[in-house]
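In this text, residue positions in the sequence shown follow my numbering: the first is 9, and each later residue adds one.
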Amino acid sequence: MSPNGRAALLLVSLIVAACAAPPETPDVPPPKPIGPRGPAPAARPDLLFQDITAWSGVLEAGQDAGPGVSAADLDDDGDDDLILPSGPGLDVWLNWGDGSFERKDAIDVDGGYVGCVAELTGDRPLDVLVVNGAGRLRLFEGAGDGTFTPSSRLPELPITGTASGVTFGDFNYTGRLSLFYGRMVPICSPEGRLADGTPCTPGATPDKLPPVVPTFFRHAESGFVDDTVAAGLAGPTKVQSMMVMDVNGDGPLDLFVGTEGDQRDLIYLGDAKGHFVERGKELGMEVKTSAMGSDAADIDGDGDPELFVSDYLPKGGGQLWVRQPDGRFVNEATARGLGELSQYSAWGVGLHDFDSDGDVDLLCVNAVPKDHTGIPLPQERLYFDNDGTGHFTRRVAPGSGLDLATEARGATFADFDDDGDIDVVVASTDVGPQHLRNDLPQGAWLKVALDYPWYRPAVGAVVTARAAGRTITRWVHGTPSFGGTSSLVVHLGLGAAETADELTVRWPHGEVQTTPGPLPARQLVTVRYSK
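Printed below as a string of structure tokens:
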């Protein structure tokens, strides 16, 4: 672990209201730490993303891996750590501060393969929700030092189906994160029976099995309560992916549910009271998919987030839902340059400003899963650069770490080496994880840490920077990508601007705080909620 801890960060703590005074210029930080693995490989901008798996230590996770990976500062020292699956469960990998890792304690040794990070117990340390391949969801409470213990705050549920994942948001403004736990299909026993006695074929693919009911846990003062029926979420669904965001821009958090088996994805609009109504068809999202990953960001600078949903060999390149003036959405994936994705099955996806030029780009990790032949197809990673108008162009480079073809599933995004750009760790089902360091030439940037007193991540928060006449907006969503969670730090590329004129945060409950500039670029700014 870095001996400098948080001191290694260029940090400005801002407790601000709209009339706050400009912050003082921060001190020059000490040199970055070098972990026991020695200096990192030299930068190679010609490779775009360099594979540093062997140097960073995650190669030691072994080949008995799994589909999930998450990034967060698990020991509160200022750098993002990892949660990686191993054969029996999930392990914590702590960051030395230079982007290299050391395996520490196991979180779960009972088949957990996805660990989603959030502050759920109200005591500030981050906790982990562990999804088990056999259909279990468990909560592990963090101690703030990278260790976790099982919690009884989340009730044990009957195992009614295979688990697909979990997401979270404060859907009724209580100051607590509630949970949506998705399942795919019921479990077919070796004897060929479902739990209700219905005959089934052991090993049947999801299209041969019925959907199952997900679970919605309302986070009450007494703990987590199964409120699925009252919330309006009791419809049987083959859930494959999920994300929490404000889909229609009206303020309350909504729930995107990606479905498996060539079905229409579901958009549950929230009423800010913990109730939902499905309105996907009315919003224009009528395409049938086998949805995998998802993310949302402002790709064209108009101030509204567009929703990208990856799919199984999708016609036209998947779904890039762009909101129209009438509030309905139109799929513009092909028109925006993503048609090449029709040859890929993308899982983990990230809409991030990978080159810090002020617009969000797209990175996808891919693999065609087993079909009726029983043979999967490993695929390489894809990086699409945004031209600033919302049109994407794939970039390739000989020898790039993007060229590795695996049965990829999860992807997590964070600035692991604290150089200001966003790196990637990929999880696959056939090999161990891959660490892709971002070596792209970079513009200026700001990193923003949101200190919200009730929970983290601050799902529903909106961060906006004004710089050199541009307005750059980023949203905090619940569990974008696939198979885990990414860094809680919000990254804003500023392009050629070396200062931000203003930084504004709209908190999840709607209150707005503004930090006046000038704010020098290339620093981490912590914005603490203040009435």
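Built from N, CA and C at the ideal position, the CB exists for glycine as well.
- C-alpha of Pro461 to C-alpha of Tyr537: approximately 7 Å in a straight line.
- The closest CA to that of Ser364, considering only Arg482, Gly311 and Thr342, is found on Arg482.
- DSSP, read as helix, strand or coil, puts Pro198 in coil.
- By the 16-neighbour rule on beta-carbons within 10 angstroms, Gly382 is exposed.
- Note on Val535: 16 or more other CB atoms within 10 angstroms of its CB, so buried under the neighbour-count rule.
- Sixteen is the threshold: when 16 or more other Cβ atoms of the shown chains lie within 10 Å of the Cβ of Glu127, as they do, the residue is buried.
- Ser298 is positioned such that its CB atom lies closer than 8 Å to that of Asp270.
- Going by DSSP, Ser78 is part of the beta strand (DSSP E) stretching over Ser78 to Ala80.
- For Pro210, the three-state secondary structure derived from DSSP is coil.
- Residue ranges of uninterrupted alpha helix (DSSP H) with 4 or more members, entirely inside the segment 36 to 110 and ordered along the chain, are 61 to 64.
- Taking 8 Å as the cut-off, the Cβ atoms of Pro528 and Thr507 count as close.
- Inter-segment contact for the segment 514 to 523 and the segment 382 to 400 is absent: fewer than three beta-carbon pairs are separated by less than 8 Å.
- With contacts defined as CB atoms closer than 8 Å, Val456 and Leu496 fail to qualify as a contacting pair.
- Inter-residue distance for Glu286 and Gly240 is about 9 Å (C-alpha atoms, whole angstroms).
- Bounds of the alpha helix (DSSP H) holding Ala239 are Thr236 to Ala239.
- The segment 165 to 190 is shown to contain whole beta strand (DSSP E) runs of 3 or more residues at 171 to 177, in chain order.
- Note on geometry: alpha-carbon atoms of Leu92 and His283 lie some 34 Å from one another.
- Minimum Cα-Cα distance from Leu532 among the listed residues Gly468, Pro449, Gln450 and Asp423 corresponds to Asp423.
- According to the DSSP assignment, Thr522 belongs to the beta strand (DSSP E) that extends over Val520 to Pro528.
- Check the Cα spacing between Val117 and each of Glu290, Val138 and His485: the tightest is with Val138.
- For Ala476, the closest of Glu510, Glu149 and Thr155 by C-alpha to C-alpha distance is Glu510.
- In the assembly as shown, Val125 is a buried residue. Its beta-carbon has 16 or more other beta-carbons within 10 Å.
- Taking the Cβ atoms as the reference, Trp355 lies roughly 5 Å from Phe490, within the contact range of under 8 Å.
- In this structure, Val255 sits away from Gly292, with a CB-CB distance that is not shorter than 8 Å.
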